[in-house]
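Protein chains in written order, with my numbering: chain A, 416 to 704; chain B, 1412 to 1805.
Where is the CB? At the ideal position from N, CA and C, for every residue including glycine.
Here the structure comes first, spelled out in structure tokens, and everything after it is commentary.
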Amino acid sequence: MNVPVLELLVGGILLGGLYALMAGGLNLIFGVMRVINFAHGEFLAIGALVTVSLVAGAQMPYWAALLIVPAGAALAGLVLQKVVIRRLVDAPLIMSLLATYAVSTVLVNVAILIWGGGYRGLPGILAGSVRVAGVDVSQSRLVAFAVAVGTSLGVWIFLRATRTGRAIRSVAQAPELAIISGISVERVRNITFALGSAMAGLAGVLMAPTFASDAQLGSRFLIKAFAVIIVGGMGSYPGAIAAAMLLGILEVFGGYAFGQVIGSAMLYLVMLAVLLIRPRGLFGAQVRV
Amino acid sequence: MVTPTRRSATAGLIGLAATGWTARARAAEPLRMGFAVSQSGNLADSGELFKRGVDLWKDSINARGGLLGRPVEIVVYDDRSDPATAARLYERLITGDKVELLLSPWGSASCATASAVAEKHKRVFLNAGGASESIHLRGFKYVFQSAPAIGAYVSGVAPMATRHGFKTIAVVSRDYPAARDMSKALEKIAAENGLKIDSVEYFPAGTTDYSSNIARVRQANSDIWIGIGYPNEAIEMVRQFRAVNYLPKMFIHNGPAQDDFAAATGKDGEYVIAISLYEPVLKTEGNAEFVAAHKAKYKSEPGYYAAFSYQGATVLERAVTKTGSFDQDKIRETLTTFETDGVMGHHKVDPKTYVQIGLKGLLDQIRGGKREIVWPDDLKTADAVLPMPGWDKR
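In structure tokens, the structure reads:
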């Protein structure tokens, strides 16, 4: 039987796009603040649920959610940073890890209180496919992929080419030196956390049309997003995109050849191998923020 | 001076009063009933619905004066969708909280581990949340199934396939005990009815992408795609079918039996066949009251997750009432041959394995955003439209 290589390849690359979308904000926050934000998945899930409420409930156009939800997520992220993260950012990593885990649990339960325990969806939004080179390509995933690449590129350029971006990078690399140079570390961290949270919100908006949205949506992707960051190199944007594609392709081809149980396990095997052999990640050394 | 006679009379009076007081206190002492249910982790959503059934039953029994005259209190823990945690929690319910009755957790995997703990302590365990038959094939004496066994889920597949001329089946299921049992049941059904199983694939819990499964089944051109798991998986499968312009002739899954499915998928979810085990329209015993109570408390009609636990609690209640005591061995004895009718239908267990054999499955089709019963014929509310009409014909 012929292997439908092109179909699997497209499926894998687009799946990688979703992982990249999820990993983007997580990567930014870790890269700059050295905080592993366990609540990132809940920002995504709540972003998706709010999108459903706005579009299916309040009958707003989908593009409006693309603006409102990331803005709301940025604001929520800023509050989280000011109330919780700010106090823990210089403490050992485990402190912020536990704190964000607690926030994540609170957010899941708040989401269940508001939206209930069931699943929601956005029928009819970006639902169909476009035919490219004999392969039916999912519209929603194509858009998610383009946005993932676009935002990653945008953030990367922002970090390199703007004054604020350079300030963020200097805080990431040497916080003490940044303070001496007159950079407000507090302000940089606020911007970073808000931006990272906005990216989670944006991921939520883009995932709402494809997935069953519920309070747990983010947690189904979080571990894979961590895998992407570890394989790509923590804090590296081009690395994360490349790793996301690699893992997406691996998962789809692995699933086709050996079944999904082994296909998914391959992703974690790669993560483990990278941690053992090259802990900085495949692209960590060359293209760090 | 108080004479000895008067003293003993006074003591006797005090004693009598105390005994009466204790007896009254004992009668009113709440009956503690314990279970674990997934309130976090990947089964949290359906676990919440399962818990609703228990809460509604508790309201109902307490309104009826309690169980053997004692008001019922529920002790509930979160098993985090983790079977090992479920086992630990049942140990705690039995030895720490000393609950007098147990209900099962939600899902076959947790039921399998929790029931082993109950059996070890010789405590009656009514399996209301696990369809897997393997839970009951370990020679346990205290474990009874009130949930429909997996055979009931797939009993309508062969009649539907035969009626519509479908020959080949692809199984794509979440990897858990019930799915493995379903594959076995399907193999038997296929062999008996001249159907062919093209492929059997499992995916781990938490899977969100079905690209590789779609590629494989599309290539084999199987007529029927059947899966068992949870509603989010069915929703995401249908969304991805549509997104890559693929459609089997018949897509069957148990997830669409929950209301969320039709609302979340809209037109894309039309004509999907739902493996259902319960519908609010059924004219089963106590169902009208159950549906009304669910609507009043949760503003929606119950799906089968809530019905599972409500049925289980009802069976346990009636077995205890018939036994007339909370003695575990006596309740066990009652349950071995106990039959009753609940919201899901007739409860009866196999006398050797205690696997549920009374409850029958239903197949629904999503039509106009609602579930219509299309099998069995004596209960049907509509004729099935199959093969499913193409994406451009809706």
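Close Cβ partners of residue i (< 6 Å) along its chain, the five nearest in sequence each way excluded
| i | result |
| --- | --- |
| G492(A) | F608, A609, S612 |
| L423(A) | V667, F668, Y671 |
| R1490(B) | First, the residue type needs correcting, since residue 1490(B) is Asp and not Arg in the sequence shown. Here the set comprises A1447, S1449, T1496, A1497, L1500, P1516, S1521. |
| Y1613(B) | S1584, D1586 |
| R1629(B) | Y1657 |
| G1697(B) | V1754 |
| L1773(B) | S1687, I1784 |
| A582(A) | I598, V603 |
| P1494(B) | A1520, S1521, T1524 |
| S1492(B) | S1449, G1452, N1453, L1454 |
Interface partners of residue i on chain D, CB under 8 Å
| i | result |
| --- | --- |
| P1642(B) | The chain inventory of the structure shown lacks chain D, comprising the protein chains A and B. |
Close Cβ partners of residue i (< 7 Å) along its chain, the five nearest in sequence each way excluded
| i | result |
| --- | --- |
| G1714(B) | L1460, A1668, Q1669, D1670 |
| I645(A) | M686, V689, L690, G696 |
| A471(A) | L537 |
| K1708(B) | L1467 |
| N417(A) | none |
Cβ-Cβ distance between residue i and residue j below 8 Å
| i | j | result |
| --- | --- | --- |
| M1661(B) | M1593(B) | no |
| L1442(B) | V1483(B) | yes |
| A655(A) | G439(A) | yes |
| A623(A) | T466(A) | yes |
| A1645(B) | G1666(B) | yes |
| G426(A) | A1626(B) | yes |
| M660(A) | G431(A) | yes |
| S567(A) | Y652(A) | yes |
| S511(A) | I451(A) | yes |
| Q1767(B) | S1557(B) | yes |
| K639(A) | L682(A) | yes |
| A630(A) | V523(A) | yes |
Proximity to residue i [Cα-Cα], best of the options
| i | options | result |
| --- | --- | --- |
| G1380(B) | V1760(B), H1575(B), G1562(B), S1584(B) | A question about residue 1380(B) goes unanswered here, because the residues of chain B that appear run from 1412 up to 1805. |
| E601(A) | I500(A), F453(A), W478(A), H455(A) | I500(A) |
| I1608(B) | E1598(B), L1688(B), I1777(B) | E1598(B) |
| V1582(B) | H1575(B), G1576(B), R1591(B) | R1591(B) |
| Y1587(B) | N1656(B), I1600(B), N1453(B), P1762(B) | N1453(B) |
| R546(A) | V1655(B), I1600(B), T1748(B) | V1655(B) |
| W530(A) | V676(A), M660(A), A680(A), A627(A) | A627(A) |
| G1476(B) | T1747(B), E1728(B), Q1739(B) | E1728(B) |
| E1603(B) | S1623(B), V1611(B), G1617(B), T1573(B) | T1573(B) |
| M448(A) | G663(A), A559(A), D505(A) | D505(A) |
| Y1689(B) | G1605(B), L1790(B), V1649(B) | L1790(B) |
| L1514(B) | E1530(B), F1536(B), I1505(B), G1638(B) | F1536(B) |
| K1771(B) | G1780(B), P1559(B), A1704(B) | P1559(B) |
| K1710(B) | R1463(B), H1575(B), M1444(B) | R1463(B) |
Cβ-based burial, residue i [other Cβ within 10 Å; buried from 16]
| i | result |
| --- | --- |
| A700(A) | With a pLDDT of only 49 at A700(A), under the threshold of 50, the placement of this residue in the model should not be trusted; the figure read from the coordinates follows. With fewer than 16 other Cβ atoms within 10 Å, it is exposed. |
| L632(A) | buried |
| A1436(B) | No answer about A1436(B) holds up, because its pLDDT of 49 lies below 50 and its placement is not dependable. |
| E1440(B) | exposed |
| W1636(B) | buried |
| D1794(B) | exposed |
| A1589(B) | buried |
| D1679(B) | buried |
| V705(A) | Outside the displayed range of chain A (416 to 704) lies residue 705(A), so it cannot be described from this structure. |
| R1534(B) | buried |
| S596(A) | exposed |
| I1742(B) | buried |
| L1548(B) | exposed |
| G1801(B) | exposed |
| D1466(B) | buried |
| I677(A) | exposed |
| G1445(B) | buried |
Residues of its chain near residue i, where Cβ-Cβ distance is below 8 Å and the 5 sequence neighbours each way are ignored
| i | result |
| --- | --- |
| L1479(B) | L1442, V1731, T1732, G1735, S1736, F1737 |
| I692(A) | none |
| V1796(B) | Y1682, Q1776, R1778 |
| L528(A) | none |
| S1622(B) | Q1651, V1655 |
| E1750(B) | H1757, H1758, K1759, G1769 |
Paired residues, beta bridge with residue i - DSSP
| i | result |
| --- | --- |
| K1781(B) | R1778(B) |
| K1607(B) | T1579(B) |
| F641(A) | Answer is none; F641(A) lacks a bridge partner. |
| Y1488(B) | A1447(B) |
| W571(A) | According to DSSP, W571(A) bridges with nothing at all. |
| H1409(B) | Within the shown structure, residues of chain B are numbered from 1412 to 1805, placing residue 1409(B) beyond reach of any answer. |
| H1705(B) | Answer by DSSP bridge pairing: none, since H1705(B) is not bridged. |
| E1612(B) | V1583(B) |
| F1555(B) | L1537(B) |
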